[in-house]
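Q: Handing you a structure now.
2 protein chains.
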Amino acid sequence: MSLRHAILGLLESAPATGYELTQRFDISLNTAWHARHSQIYPELAKLEEAGLAEVIGEGPRNSRTWAVTDAGRQELRRWLIEVEPSRHQRNETALRWFLVFLLAPDERRAVLERELAYVERQYAELRALGDQFDAEGKTGGFRPVMDLGFGMHETMIAWLRKQIEEAR
Amino acid sequence: MSLRHAILGLLESAPATGYELTQRFDISLNTAWHARHSQIYPELAKLEEAGLAEVIGEGPRNSRTWAVTDAGRQELRRWLIEVEPSRHQRNETALRWFLVFLLAPDERRAVLERELAYVERQYAELRALGDQFDAEGKTGGFRPVMDLGFGMHETMIAWLRKQIEEAR
DNA sequence: TAACGCATGTAATACGTTACATGATTCT
DNA sequence: AGAATCATGTAACGTATTACATGCGTTA
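These protein sequences, in sequence, are chains A and B. Using our numbering, the letters of the first sequence map in sequence onto residues 1 to 168. Using our numbering, the letters of the second sequence map in sequence onto residues 169 to 336.
Encoded structure:
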């Protein structure tokens with residue numbers, strides 16, 4: 001049940017409305033987990049029922065701000081430390097990079113160039129968000145973007161450039 | 169419908185039984201896509217119905233070997249070239265590496281050391297498989313393991329070592 | 001005041017996992 | 001002969017996507 005723990009983690013980093021959680025899944029967590037609002041709202045209701053999250057405030061437009069309870073924090077900690085991780089992945093981008101070698105070099109290069117453009121744009125966006133976060137001098141919680149420290153984007157860009165070169 | 173195209177791609181690399189496809193999902197494709205036999209067999213039936221795959225031979229124990237049809241090859245090519253990729257991912261490992269900063273340094277280090285041990289073991293296994301494949305001098309199709317060329321494992325190992333050091 | 005973005009929710013459908021079920025072949 | 005592995009299939013349940021549905025608050 002990773003969705004549950006993703007939400008607990010995002011809420012522990014900072015309380016949020018369901019709407020804001022949806023945005024954080026798109027921005028912060030997009031290389032790790034994905035969820036839409038139609039999954040998030042029902043899960044928040046279940047978390048409340050289980051005593052793991054609670055509404056700590058109401059705002060305009062019937063919005064409700066959620067936070068993790070002590071039991072929720074405990075559950076998240078338990079999951080991180082004790083639960084054996086599932087190593088399964090579903091990553092359509094990686095699947096395509098794997099299958100692209102079935103194409104003729106010309107077609108392959110075209111596909112890989114589209115991928116390179118995407119990764120470079122995404123990397124630039126993440127860096128801009130990270131810089132913005134640092135400039136605001138926020139402490140505690142997450143940097144908004146997980147990938148900044150991972151080095152994955154540089155690795156992917158280097159790999160794509162190499163494959164494009166070799167398909168020439 | 170990535171499952172469909174993952175299967176078409178694996179079959180284009182080499183014909184296989186449903187059972188062998190299940191193994192290839194576990195070994196070759198484990199960092200890109202995951203599927204169990206209970207999903208693979210029904211999908212093969214659908215591919216046959218759609219004229220994208222066909223049975224090209226029967227073996228012992230009622231096994232049936234599947235291959236891609238011309239229409240299937242065309243569909244795979246179309247998907248790779250024309251279909252806009254979905255960038256959504258579900259990767260529990262990445263989620264955990266993101267959330268691990270919510271733990272106290274001691275606990276975090278313990279979790280990250282477990283992760284490092286896992287990644288190093290996986291990397292060694294993948295390299296062994298790749299070496300074996302190269303030694304057999306196979307040509308055409310895939311190397312069995314996608315990750316060998318990607319450089320992701322080195323990047324992940326370096327990141328984990330750095331985080332473990334910083335949590336000290 | 002109209003359009004846009006914020007904000008929440010549900011229903012139908014599709015996709016994926018777990019568990020159940022069975023039989024064939026090979027190895028010890 | 002018995003155990004292990006190969007090999008296929010389905011049913012029940014859980015998870016995720018798409019589409020439908022509604023209303024509030026701000027901005028042009």
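Glycine residues also receive a C-beta, built at the ideal position from the N, C-alpha and C atoms.
Terminal residues of the continuous beta strand (DSSP E) containing A/Arg90?
A: Looking at the DSSP string, the run of the beta strand (DSSP E) that includes A/Arg90 is Gln89 to Asn91.
Q: So is A/Leu8 buried or exposed if we call it buried at 16+ other beta carbons inside 10 Å?
A: Buried, since its Cβ has 16 or more Cβ neighbours within 10 Å.
Q: Is the beta carbon of B/Trp234 less than 8 Å from the beta carbon of B/Ala221?
A: Their beta carbons are under 8 Å apart, which means B/Trp234 touches B/Ala221 by this criterion.
Q: Please determine, among A/Leu126, A/Leu95, A/Ala167 and A/Lys46, the residue with the shortest C-alpha to C-alpha distance to A/Glu154.
A: When each option's Cα is compared against that of A/Glu154, the closest is A/Leu126.
Q: Could one say the Cβ of A/Gly151 lies closer than 8 Å to chain B's Cβ atoms, at least one of them?
A: Judged by the 8 Å Cβ criterion, A/Gly151 is in contact with chain B.
Q: Using a threshold of 8 Å, state whether the C-beta atoms of B/Leu215 and B/Gly240 are closer than that.
A: Contact: yes.
Q: Mind listing, in chain order, the continuous alpha helix (DSSP H) runs of no fewer than 4 residues lying wholly within the region 259-284 of chain B?
A: Whole alpha helix (DSSP H) segments, 4+ residues: 260-267.
Q: What number of angstroms, rounded off, separates the C-alpha of A/Leu95 from the C-alpha of B/Ala174?
A: Between A/Leu95 and B/Ala174, the C-alpha separation is close to 7 Å.
Q: Excluding five sequence neighbours on each side, which residues of the same chain lie with their C-beta closer than 6 Å to the C-beta of A/Thr139?
A: With a pLDDT of 44 at A/Thr139, under the threshold of 50, the modelled position of this residue cannot be trusted; read the value that follows with caution. Closer than 6 Å at the Cβ level, and outside the excluded window around A/Thr139, lies no residue.
Q: Give the C-beta separation of A/Glu12 and B/Leu270 to the nearest angstrom, bearing in mind that I take them to be a contact with Cβ-Cβ under 8 Å.
A: That belief holds up - the Cβ atoms of A/Glu12 and B/Leu270 are roughly 6 Å apart, short of 8 Å.
Q: Starting from B/Gly177, find everything on chain A with Cβ-Cβ shorter than 7 Å and list it in chain order.
A: Under the 7 Å cutoff, chain A gives Leu99 and Leu102.
Q: Is it a yes or a no for the region 103-121 of chain A touching the region 79-90 of chain A, going by three-plus beta-carbon pairs under 8 Å?
A: No, they do not touch.
Q: Could you confirm whether any beta carbon from chain B is found closer than 8 Å to the beta carbon of A/His88?
A: A/His88 counts as touching chain B.
Q: Buried or exposed: which applies to B/Asn230, given that a residue is buried once 16 or more other Cβ atoms fall within 10 Å of its Cβ?
A: The residue is exposed, with fewer than 16 neighbouring Cβ atoms inside 10 Å.
Q: Under 8 Å, with one C-beta from each stretch per pair, do the region 26-44 of chain A and the region 277-291 of chain B reach the 3-pair mark?
A: No, they do not touch.
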